[in-house]
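All remarks here apply to the structure that follows.
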Amino acid sequence: MKLKTKTLLLAALSVAALCQAATERPNIIIIMTDDSGYSDLGCYGGEIDTPNLDRMAANGLRFRNFYNNGRCSPTRASLLTGRDSAHAGFGAGTLGGWNREMKEPAYRARLPYDLPTIAELMKVSGYRTMMTGKWHLGGSQMKGSKGWQNWWKKQHPGWELTDAEIEADFNALPPQRGFDEFFGLIEGETHLFFTPSDKHEYFEGNEHATLKYKQTYNMHCYYKHEDRYPYTPNHGQTAKAFYGTDGMTDRAIEMIEDASAAPEPFFLYMAYRAPHLPIQAPQELVDKYLSRYANLDQVEADRVDGLVRAGLWEKGTPYRKSFTAGRNMSEEQKKDYQLMAAIHAAMMEKVDENVGKVLKTLEQTGELDNTLVVYLSDNGSASHLGDLMNTPYYGCKSLMWEGGTKTHCIMQWPKVVQPGTVTESMGWVGDFLPTCLDITGDTYPAEFRGTRTAPLDGRSLLPILQGKEMAPPEYLFSNDKGQQAVIYKGRWKLLIEPGWHFRTSKQPGMAYELYDLQNDPAEKTDVSKQNPEMVQQLAKACADWQAQNGIVDYADILKIRPDHMK
Ligand SMILES: [Ca+2]
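Residue numbers (our numbering): 10 to 575.
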């Protein structure tokens, strides 16, 4: 194993102390998928073939209770900053596309320049910092592009496009936010397949990237709303192409190989664009999975059984019947669902194959033993698949029930983590930054770019990696388009206006649901009527949190931006 040293010029430390500290600092890789369901993986009870992730789980640690923020941008904002998503400019759970920005800080949909990112802090700590994949945290390359500036003006009627705005947008992009190397997408949604004649949106650093079209694919491209987005021109074609999941990994492997030859440790953030819409995968893999989704009731039952076998679910615990499997579908709808589920599974198998390539590279470069590899999803699987892929949890992406905000989460670090561990302890996506600081022995700065920082919302999960259980945080808050969720001491969960404001706004008063997650982890029975004091206590905590974080009531957001729901 190569000796990792921060720098030999740190004169204040003795050589012995330096070597001691330096040899202990691991590489860190965070791999996140986009819209994968809780029980999608074999090691989380699912029917999709994920041998590499299953092996990673066998060699490492699985969380039963890991939370994200329920949607792409808010999850990424907390992952990179250790702060609540509202504090990081993504308070509405909105898309976060910069064209949707509101002026309020909690909704600016652009990472604040004075809020340190995990990459910036790891860089200060002496790490080489790298990213591949989907950014989706605002910013743009309109600096130097009149075309993009004109587009911005169209998207922001009544706003003046100043030099400061152009600069702030540029400063919100990965190369300006601490990543030495970046290959990926700024926006949240694009094709996975690109042939040489297709226009693509990949960047290498701040430059438009040159893609490598080295593999031949039989391309299956599915999209229902072809009138809105032309996502299917390559459907049915066989051609040399770039497939995002493969291409992002190829670039990540180059980065790992380069970093491995350098003296400093590395931090790599890999954000896959799969299995998000538009769903696209190699045809032969889609064919392989079609028959697995012929009987959805069976898929649901098998996933629950699989979770029980994996030690991630207690046999006999009540759960709500999936609204997908339980739905009355016509034969045509069933066939359509079956196809979408098969493409989803095919996309996940491709992710697994690529995680396998990353692990293999770590092995070949001698880095595996002292590398922490984290794997999770940014939110539950999305509404086109209902909540089946989130079995046994109710709800899907962008909803605050457990199906929307709970993810599988695997951590492997052979030097530290005991193989085959399952933890009950609660983790949250905002915990990664404090965990990384704890691992490297660094502290969160009191000031950054001239601004005093506020305390982190996340906490270090290092004790869990070392085999201990941790008490849950006092409170965990999340929000999306007017609905709020509060989890108190890991046990009580209050949902306010669940299912978005527009669903409940016509009903008188506020809609509340209260669940005892300790006895009812799948939110089967609303106990709000039996526990009015708990409802009141958590509603008050939520109101305070909304005030502290500048969260605007959804009815007021609609007044400011009536086009918000478009
Ligand atoms: Ca997502």
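C-beta: ideal position from N, C-alpha, C; glycine also.
Just so we're clear, the structure is a prediction, and the values are computed from it rather than from any experiment.
Of the listed residues the options, nearest to residue i (C-alpha basis)
i: Asn399; options: Lys297, Gly91, Glu309 and Pro60; result: Glu309
i: Gly459; options: Val426, Tyr122 and Asp466; result: Tyr122
i: Ile288; options: Glu263, Ala354 and Ala261; result: Ala354
i: Trp161; options: Asp178, Ala67 and Ile505; result: Asp178
i: Gly375; options: Pro423, Thr416 and Lys344; result: Pro423
i: Ile496; options: Lys490, Asp489 and Glu483; result: Glu483
i: Gly214; options: Ala531, Gln373, Val426 and Arg260; result: Arg260
i: Ile419; options: Pro35, Glu33 and Ile39; result: Ile39
i: Leu547; options: Gln493, Asp529 and Gly508; result: Gln493
i: Thr326; options: Ala290, Asn528 and Leu286; result: Asn528
i: Ser48; options: Thr225, Phe486 and Leu397; result: Leu397
i: Pro205; options: Gln224, Phe192 and Gly197; result: Gln224
i: Leu182; options: Asp44, Gln421, Leu294 and Gln150; result: Gln150
i: Tyr402; options: Asp267, Tyr524, Ser537 and Lys132; result: Tyr524
i: Leu269; options: His217, Met338 and Thr138; result: Correcting the residue type first, residue 269 is Ser in the shown sequence and not Leu. That would be Thr138, whose Cα lies nearest to the Cα of Ser269.
i: Tyr521; options: Pro291, Ile195, Pro507 and Pro272; result: Pro507
i: Asp378; options: Asp345, Ile262 and Gln421; result: Gln421
i: Val319; options: Leu70, Gly499, Lys297 and Lys549; result: Just to set this straight, residue 319 is Ala in the shown sequence, not Val. Closest option to Ala319, Cα to Cα, is Leu70.
i: Lys112; options: Ala271, Trp168, Leu286 and Val382; result: Trp168
i: Ser407; options: Pro481, Ser331 and Trp509; result: Trp509
i: Leu130; options: Arg329, Thr444 and Leu371; result: Thr444
i: Thr416; options: Asn74, Lys498 and Lys132; result: Asn74
i: Pro291; options: Leu305, Met357 and Leu442; result: Met357
i: Asn243; options: Phe212, Glu273, Ala283 and Leu201; result: Leu201
i: Met338; options: Gly365, Leu305 and Val360; result: Leu305
i: Gly148; options: Thr171, Asp172, Asn180 and Lys132; result: Asn180
i: Asp93; options: Ile566, Gln557 and Tyr563; result: Gln557
Residues that DSSP places opposite residue i in a beta bridge
i: Val383; result: Ile39 and Met420
i: Leu230; result: Sequence inspection shows Cys at residue 230; the Leu mentioned does not correspond to that position. In the DSSP output, where bridge partners are listed per residue, Cys230 has Gln289.
i: Val495; result: Phe486 and Leu503
i: Lys415; result: Tyr76
i: Thr247; result: Asn227
i: Ala271; result: According to DSSP, which records beta bridges pairwise, Ala271 is partnered with nothing at all.
i: Thr141; result: Phe192 and Met279
i: Glu213; result: Phe192 and Glu216
i: Tyr252; result: Phe202
i: Trp437; result: Tyr76
i: Thr430; result: Leu70
Closer than 7 Å: residue i CB and nearest ligand 1 heavy atom
i: Asp44; result: yes
i: Arg73; result: no
i: Cys81; result: yes
i: His285; result: yes
i: Lys415; result: no
i: Lys406; result: yes
i: Asp489; result: no
i: Asn388; result: yes
Rounded Cβ spacing between residue i and residue j (contact assumed at less than 8 Å)
i: Thr257; j: Met279; result: The sequence as given places Met at residue 257; Thr does not occur at that position. Confirmed, Cβ separation roughly 7 Å.
i: Gly54; j: Leu394; result: Gly54 to Leu394, Cβ: 16 Å. No contact.
i: Thr414; j: Gly389; result: 7 Å
i: Thr126; j: Gly187; result: 5 Å
i: Cys551; j: Leu503; result: 7 Å
i: Asn36; j: Thr380; result: 4 Å
i: Val313; j: Asn77; result: Contact doesn't hold; Cβ gap of about 22 Å is too wide.
i: Thr254; j: Tyr281; result: 6 Å
i: Ala118; j: Gly98; result: 6 Å
i: His285; j: Asp44; result: 5 Å
i: Ser82; j: Asp451; result: With 8 Å as the limit, Ser82 and Asp451 do not qualify as a contact, their Cβ atoms being about 26 Å apart.
i: Ala480; j: Lys359; result: With a Cβ gap of about 38 Å, Ala480 and Lys359 do not count as contacting.
Residue i: CB within 7 Å of a non-hydrogen atom of ligand 3
i: Ala101; result: Ligand 3 is absent from the structure shown, which contains only ligand 1.
Query - Any beta strand (DSSP E) of 3 or more consecutive residues that is wholly inside the stretch 514-560 - result: 521-525
Report task. Note down, one range per segment and in chain order, each alpha helix (DSSP H) of at least 4 residues found wholly within the stretch 304-389. Result -> 305-318 and 340-373
Requested in this report: With a floor of 3 residues, list each beta strand (DSSP E) that falls wholly inside the stretch 49-94, ordered by position along the chain.
Outcome: 70-76
Report task. Go through the stretch 451-483 residue by residue and report every complete run of the alpha helix (DSSP H) that reaches 4 residues or more, in order. Result -> 471-474
**Report entry** beta strand (DSSP E) segments (min. 3 residues) lying fully within the stretch 123-191
**Finding:** 137-143
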